[in-house]
Amino acid sequence: MLSPEISKLGSDASCSANAVGRTFWRFAVPSIIAMLVSGMYQVIDGVFVGYFVGESGLAGINLALPMLSVVIGFGLLVGMGGGSVLSNFRGKNNETAVNETLGTSMYLMLFGGLILGIVLSVLGGTMLHLQGGDNPPGEEYLALMSYGCVITIGATALPILIRNDNKPTLATLFIVFGALINIALDYTLIGLYGLGLEGAAMATLIAQVITCILCVGYFLRASRNIFVRLSAFNGRIALRVMQLGASGLVMFIYFGFTLSIHNTQLASYGGLTHVAAFSIVGYIASLYYFFAEGLAGGTQPPVSFYNGAKQYHKTLQTLTLATSVIIISGIAMVVVLNLFPTVFVGLFTHEQGLMAVAAKGLRLHLFTLYLDGLFFLVAIYFIAVEKAGAAMFVSLGNMLIQLPFLWFLPRQLGVEGVWLAVPLSNVVFACAVIPIFLHSIYKVKLSSDLQTV
């Protein structure tokens, strides 16, 4: 049986921009809050590490993140892919397939987490060494996090599935509660007990366990028939979930891969201080990235529903609103960062040399921040309308186009070339993505116009 709010979404006859806007914000705001809170507790991790561990701790986390990003990306694969399939089946009033999708997604989390945990335990240390030599704090952090891959995947995917079960506010509350626990544990384990990056890892995993317990409790209480059962696994649905969610995984593999190349190049051309500075810049940029991901993620449930219900006029209105917000907010963030770079950098360190490098890095590395937000939105839009190939092109292309820039620019400009590689490649890639996106919008408009004739 469809939930009342989903039924209301489908039966609302109003086509006005206000009606569509209210629906958009009802999903987007909880998603944005959830992602910002997730980003905020990672930023606060960085603040504690920066002040209590110092430059080596910031560099250590940055060296471990490329491997951990694959784990987070797999959580997004299950969450976004499963959520898109779930919402589309809801739009078609197919509740049996909804139940199978939820059960199958649970299995994917479990098996994926076990496999990635084993791989990280075996290869994680080697991958860390390849980026920047010895970093004991980073090795300790990565070792602990590798034991909790199932937990990290669950804490990433389960709230997205709850949001797509038309409970966006509840999903946000679960994430916020876990984030508050993480912050309290950061203060206790890093600040009071001086456990360094081991304390940061323990705080993160404990908070993620709590988030998972809350989410699983929701499914047990609200929908006992959809909890993990052998009969609930559907290979065809699993394949569809992985196809639609693959771009989310690729986006994080791209993030991890390019981060590892950045770490290697920064260590080679600039040294440990530049690696630590890049960590600070990443924390600051994540505030916008998580906002953009949250907004794009909040766009996915209504767009998936409208697409399944063939309400193309609402798809178009939702997409126009989301694009405007993504671009305007990104430009505003760039302006603020260029006006007050030391204010943001000073949140993480008072070491003058590190502050100077990070402040310069903000200006060089983030001047096309709004294009990153647009790429997030375009990829998730294509997931929502079940165009897995187009979503993969945006995600994979964004990764591949950066490689020649990361190879060529440092040879010509030194360490400044490393900082400039991403923004310049964004400009080039936008020349391909924007026409594809506009063409897709044009096709939606044609479908909408045909419905009104």
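Residue numbering for the sequence shown follows this note's numbering, starting at 6 and increasing by one per position. Every residue gets a Cβ at the ideal spot worked out from N, C-alpha and C, and that includes glycine. Owing to the predicted nature of the structure, the values given are computational and were not obtained by experimental measurement.
Could you spell out the range, first to last residue, of the alpha helix (DSSP H) harbouring residue i?
i: His279; result: Leu277 to Ala314
i: His355; result: Taken as a continuous stretch (DSSP letters only), His355 belongs to no alpha helix (DSSP H), as it is neither H nor E.
i: Leu321; result: Tyr317 to Leu344
i: Leu194; result: Unbroken run through Leu194: none, as it is neither H nor E.
i: Glu391; result: Careful: Glu391 lies outside any alpha helix (DSSP H) and carries neither H nor E.
i: Tyr146; result: Pro141 to Ser151
i: Ile158; result: Cys154 to Asn169
i: Leu418; result: Gln407 to Leu418
i: Leu371; result: Taken as a continuous stretch (DSSP letters only), Leu371 belongs to no alpha helix (DSSP H), as it is neither H nor E.
i: Gly250; result: Gly240 to Tyr274
i: Leu81; result: Glu60 to Gly96
Using 8 Å as the threshold, is the C-beta distance between residue i and residue j below it?
i: Leu166; j: Gly88; result: yes
i: Val350; j: Met360; result: yes
i: Ala133; j: Gly143; result: In the sequence as presented, Ala is not what sits at residue 133; that position holds Leu. The answer is yes: Cβ separation under 8 Å.
i: Phe79; j: Leu135; result: no
i: Leu352; j: Ala327; result: no
i: Met45; j: Gly261; result: no
i: Leu113; j: Val76; result: no
i: Val420; j: Tyr274; result: yes
i: Ile266; j: Tyr146; result: no
i: Phe238; j: Arg95; result: no
i: Ala389; j: Gln305; result: yes
i: Ala24; j: Gln248; result: no
i: Ser252; j: Met111; result: no
i: Val58; j: Gly201; result: yes
i: Leu125; j: Ser151; result: yes
i: Thr320; j: Phe29; result: no
i: Gly153; j: Leu210; result: yes
Within 10 angstroms of its Cβ, does residue i collect 16 or more other Cβ (buried), or is it exposed?
i: Gly204; result: buried
i: Ile195; result: buried
i: Phe345; result: exposed
i: Leu443; result: exposed
i: Val423; result: buried
i: Ala363; result: buried
i: Gly358; result: exposed
i: Asp139; result: exposed
i: Val340; result: exposed
i: Leu451; result: exposed
i: Pro440; result: exposed
i: Arg168; result: buried
i: Tyr223; result: buried
i: Pro141; result: exposed
i: Leu91; result: buried
i: Val449; result: buried
i: Tyr447; result: exposed
i: Gln417; result: exposed
i: Leu244; result: exposed
i: Gly199; result: exposed
Between residue i and residue j, how many whole angstroms is the CB-CB distance? I'm expecting something under 8 Å.
i: Gly366; j: Val246; result: At roughly 38 Å, the Cβ-Cβ gap does not stay under 8 Å, so Gly366 and Val246 are not in contact.
i: Asn312; j: Asn93; result: 7 Å
i: Leu63; j: Val54; result: 6 Å
i: Ala206; j: Leu190; result: About 11 Å separates the two Cβ atoms, so there is no contact after all.
i: Cys217; j: Leu163; result: 6 Å
i: Leu376; j: Ala435; result: 5 Å
i: Thr373; j: Asn431; result: 4 Å
i: Leu277; j: Glu60; result: 6 Å
i: Ala33; j: Gly378; result: Between Gly378 and Ala33 the Cβ distance is about 13 Å, and since that is not below 8 Å, they are no contact.
i: Leu459; j: Phe410; result: Any answer about residue 459 is impossible in this case: the structure gives the chain only from 6 up to 458.
i: Val438; j: Phe380; result: 6 Å
i: Ala176; j: Pro307; result: Not quite, the Cβ-Cβ distance comes to about 15 Å (not below 8 Å), so this is no contact.
Check the Cβ-Cβ distances between residue i and every residue of chain B, and say whether any is below 8 Å.
i: Val427; result: Of the protein chains in this structure there is only one, and it is not chain B.
Can you find at least 3 beta carbon pairs, one from the stretch 238-256 and one from the stretch 325-334, that sit closer than 8 Å? no
The stretch 376-385 contacting the stretch 399-408, beta-carbon criterion three pairs below 8 Å: yes
For the stretch 36-49 against the stretch 167-186, do three or more pairs of beta-carbon atoms, one drawn from each stretch, fall closer than 8 Å, so that the two count as touching? yes
Quick check: the stretch 100-118 against the stretch 277-293, are at least 3 beta-carbon pairs closer than 8 Å? no
Touch check for the stretch 292-311 and the stretch 145-159: three-plus C-beta pairs under 8 Å? no
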